[in-house]
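Worksheet for the structure shown next.
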Amino acid sequence: MNENKGFKNTAITVNMLWIFLFVLVPNLIVVVISFLERDPVGFFRWEPTISHYINLFDPVNARVFTHSLTYSFGTTLLTLAVGYPFAWFLSRVGRRRRPLMLMMVIVPFWTSSLIRTYALVILMKANGVINSLLVTLGLAKGPVSILYTDVAVYVGLVYSLLPFMILPLYAVLEKLDSRLLEAACDLGATHLQVFARVVLPLSLPGVMAGSIMVFLPSMGLFYIPDLLGGAKSMLVGNFIKNQFLTSGNWPFGSAASVFLILVMVSMMAVYLLVMKRFNRSVMP
Amino acid sequence: MPVVYLQNVSKTFENHVVIDKLSLDVFKGEFLTLLGPSGCGKTTVLRLIAGLETCDQGVIRIGGKDHTHVPACDRDVNTVFQSYALFPHMTVFDNIAFGLKLKKITPMEIKQRVEETLALVKLSGLGNRRIQQLSGGQQQRVAIARAIVNQPLILLLDEPLSALDYKLRKEMRLELRQLHRKLGITFVFVTHDQEEALTLSDRVVVMNNGCIEQIGPPKEIYEEPVNRFVAEFVGESNLFDAEVVETRGETMEIRVQGVLKAVKNRRGFQAGQKVKVLLRPEDMTVEPCKQDCPSGSFPGRVEEMIYKGTTVELIIRLEDGKQVVILEFFNEDAEDISYDMGEGVCVSWIDGWEVVLPHE
């Protein structure tokens, strides 16, 4: 009994220490640095300032944020549009075929997302697989530029984040009682009306969870726009990375990441609030 | 003209024939019950009428028009589901208004009709409640209200009372009858409970293995079952093997348990034919045996006596080992019914109350 307690305490202490040292402290350092002056030699000077935060709202920098938000929003909508029908199909397909289809969603996780992004580059580049195919089939006269366009960035983001949309949606749709759909049909609802009035409202928790799980990471995935969008599409993730690694402006990079964290936290708060109200209305 | 007309309807699920060339007419305004053991296809018949299943063969006509391929949403038919299937994300009011809203009825009229229906199912004032806040019995009423508010041509009820406890079930039975009378809608009711079927219906359809065994008013089903399945499924019964000895026009003489008895011959049985004699427990009589049993009765011994409040059930073993169940009522002639275990008795039945069935 005593030994057990000792093990429990040690395990908790080690974990807490780990989180404290490698999660909390670095983040606190980031917050502190974001309020300090920049220094060309030592990265920062012990002089408090809020100029970096004000700087974030400079039109040039603010555009990075709005641009990022547009990308993330677009990615969320696209994954929703692709993921919802797939999750629906997955939840209605026979029990025997379902594990195989779920595997197809999960298997890509076994490879590093970075490597999969490089694979997309090979597919989409000027003399890549897709262009060769188009030219061979005579559908295009010469190579079509896909890589380093907005399309390529969206393809990469949607591809990488789709499972995060499908899985929460599947979890909700799978539990949806098909008798409710029959009841709606019986009461005179067409397929579209059944979807709009019964399926969609009841799957809203999944839509919300999936959207959050796609929207938030898409803001930070810097290597996808880097590799697929070229230098043109600067997103928050790249922006922060550049401040630290290229411009050597640690305080400004810190301010940008603190701001990003704030945006994410407030979105999570909205999500939790909405879900709480939803649960109160649906759960017993 | 029947309001629902099924002709030679067949339905197969994964090579398993669920409905086999079934034909059925449902008349306007009647309370029709589909009765049968689970798996007999009664729910499938209901779902075929609702349009939730499509038949492989046959024709379905509703209100005189061919509905064989009309989808569920375009049929003037509503269902009360066994599990109620109420929408958990809507209030009681919104659940009931669901069908009306789809029909583009003005909000004023919707409100009025929902309120009326709520009153009809005795749920006035509960419109704003969440479904989860209701008891099972109340959810049942919402399910009924949600269907009848649309004033369908036919109301289908799929074992709606099976989830309720005994007392509530009896109460709801009475209310369903009253509702049926008030609304004048045709009810098609599915159940495996023979008591429910007999107490509620104008006509009962007894089903087995995807086929109809017998259709008729409850009294006829109970008193004149056409075969052994119906006899045994609807109520308790004692079956005796017998042989026709001689026929005399409307009557005949049969040998049953080694005793000769005169019975009615309604089905044109021939001398020498093997038959079954069906007797309900309450149609049989029992008397203490003094010495020998009078002619026409069988000697036996009391094996068990079960007191049931208004009746006493006697389980009697006949001399050849056959077991019979007899129900005795307390009345002015028999204020006290009492037998000893193993006491010798004479068993007979009230003349003319037997049903003679062909041997199967």
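So the protein lines, in turn, are chains X and B. Position 247 of the first sequence, counting from 1, maps to 1621 under the numbering used here, and the rest follow consecutively. Position 230 of the second sequence, counting from 1, maps to 416 under the numbering used here, and the rest follow consecutively. Glycine residues also receive a C-beta, built at the ideal position from the N, C-alpha and C atoms.
Same chain only: Cβ atoms within 8 Å of residue i, ignoring 5 sequence neighbours per side
| i | result |
| --- | --- |
| alanine 329/B | Val266, Phe267, Tyr270, Ala271, Leu272, Pro346 |
| alanine 1436/X | Leu1430 |
| arginine 1571/X | Ala1558, Ala1563 |
| glutamate 546/B | Asn413, Arg414, Lys462 |
| leucine 550/B | Shown here, chain B extends from 187 to 546; a query on residue 550/B therefore has no answer. |
| phenylalanine 1589/X | Ser1446, Phe1447, Thr1449, Thr1450, Met1641 |
| leucine 548/B | The structure shown does not extend to residue 548/B, since chain B is modelled only from 187 to 546, so the question has no answer here. |
| isoleucine 1496/X | Gly1502, Val1503 |
Residues near residue i in its chain [Cβ-Cβ closer than 6 Å; skip 5 each side]
| i | result |
| --- | --- |
| threonine 1423/X | Glu1411 |
| arginine 355/B | Leu347 |
| phenylalanine 213/B | Pro188 |
| methionine 1587/X | Phe1538 |
| leucine 1494/X | Gly1530 |
| methionine 1390/X | none |
| proline 1658/X | Note that proline 1658/X has pLDDT 41, beneath the 50 cutoff, so the model's placement of it is unreliable and the number below is only indicative. Same-chain partners within the cutoff: there are none. |
| tryptophan 539/B | Asp469 |
| cysteine 241/B | Val195, Lys197, Leu234 |
| alanine 383/B | Thr219, Leu221, Thr377, Val390 |
| threonine 1453/X | Val1532, Leu1535, Leu1536, Met1539, Val1588 |
Neighbourhood of residue i by C-beta, 7 Å cutoff - its chain only, sequence neighbours within 5 removed
| i | result |
| --- | --- |
| methionine 1582/X | Tyr1645, Val1648, Met1649 |
| asparagine 1378/X | none |
| tryptophan 1676/X | Because residue 1676/X is not part of the residues shown, which for chain X are 1375 to 1658, the question remains open. |
| phenylalanine 1652/X | Leu1578, Pro1579 |
Cβ-Cβ distance between residue i and residue j below 8 Å
| i | j | result |
| --- | --- | --- |
| arginine 1543/X | alanine 1643/X | Looking at the sequence shown, residue 1543/X is not arginine but leucine. Their beta carbons are not under 8 Å apart, which means leucine 1543/X does not touch alanine 1643/X by this criterion. |
| cysteine 397/B | cysteine 475/B | no |
| proline 1575/X | proline 1537/X | no |
| leucine 1609/X | tyrosine 1492/X | no |
| serine 1487/X | alanine 1500/X | no |
| valine 542/B | valine 431/B | no |
| leucine 192/B | glycine 227/B | no |
| glutamate 422/B | arginine 466/B | yes |
| threonine 1450/X | serine 1534/X | no |
| glycine 1627/X | tyrosine 1528/X | no |
| threonine 303/B | alanine 331/B | yes |
| methionine 1539/X | glycine 1457/X | yes |
| isoleucine 523/B | valine 498/B | yes |
| serine 1577/X | valine 1546/X | yes |
| alanine 1526/X | glycine 1603/X | yes |
| valine 1405/X | valine 1632/X | yes |
| serine 1442/X | alanine 1629/X | no |
Cβ of residue i within 8 Å of any chain B Cβ
| i | result |
| --- | --- |
| arginine 1469/X | no |
| alanine 1629/X | no |
| proline 1658/X | Reliability fails at proline 1658/X, whose pLDDT of 41 lies under 50, so the model's placement of it is uncertain and no value is given. |
| proline 1537/X | no |
| valine 1572/X | yes |
| glutamate 1556/X | yes |
| methionine 1582/X | no |
| proline 1575/X | yes |
| alanine 1563/X | yes |
| arginine 1651/X | no |
| arginine 1553/X | yes |
| glutamine 1567/X | yes |
| aspartate 1432/X | no |
| aspartate 1560/X | yes |
Short CB-CB distance (under 8 Å) between residue i and chain X
| i | result |
| --- | --- |
| leucine 288/B | yes |
| glycine 227/B | no |
| alanine 383/B | no |
| alanine 236/B | yes |
| alanine 271/B | yes |
| asparagine 264/B | yes |
| cysteine 241/B | no |
| phenylalanine 284/B | yes |
| histidine 275/B | yes |
| cysteine 259/B | yes |
| phenylalanine 267/B | yes |
| asparagine 336/B | yes |
Contact test: residue i Cβ vs the ligand HEM heavy atom, cutoff 7 Å
| i | result |
| --- | --- |
| glutamine 326/B | Summarising the ligand content, the structure contains no ligands, and the ligand HEM is consequently not present. |
Self-check item: Contact between the region 293 to 312 of chain B and the region 249 to 257 of chain B (3+ Cβ pairs under 8 Å)
Solution: no
Quiz item: Taking one C-beta from the region 191 to 211 of chain B and one from the region 219 to 239 of chain B each time, how about it: are there three or more such pairs within less than 8 Å?
Solution: yes
Self-check item: Three-pair Cβ contact test at 8 Å for the region 272 to 286 of chain B versus the region 1550 to 1565 of chain X
Solution: yes
Quiz item: Does the region 338 to 345 of chain B come close enough to the region 371 to 386 of chain B that 3 or more CB-CB pairs lie under 8 Å?
Solution: yes
Quiz item: Can we say the region 1505 to 1519 of chain X touches the region 1546 to 1561 of chain X, given the rule of at least three CB pairs closer than 8 Å?
Solution: no
Quiz item: Which ranges does the alpha helix (DSSP H) cover as unbroken runs of at least 4 residues, wholly within the region 210 to 276 of chain B, from first to last along the chain?
Solution: 228 to 236
Quiz item: Which runs of the beta strand (DSSP E) fall wholly inside the region 502 to 545 of chain B and span at least 3 residues, in chain order?
Solution: 509 to 515, 530 to 535, 541 to 544
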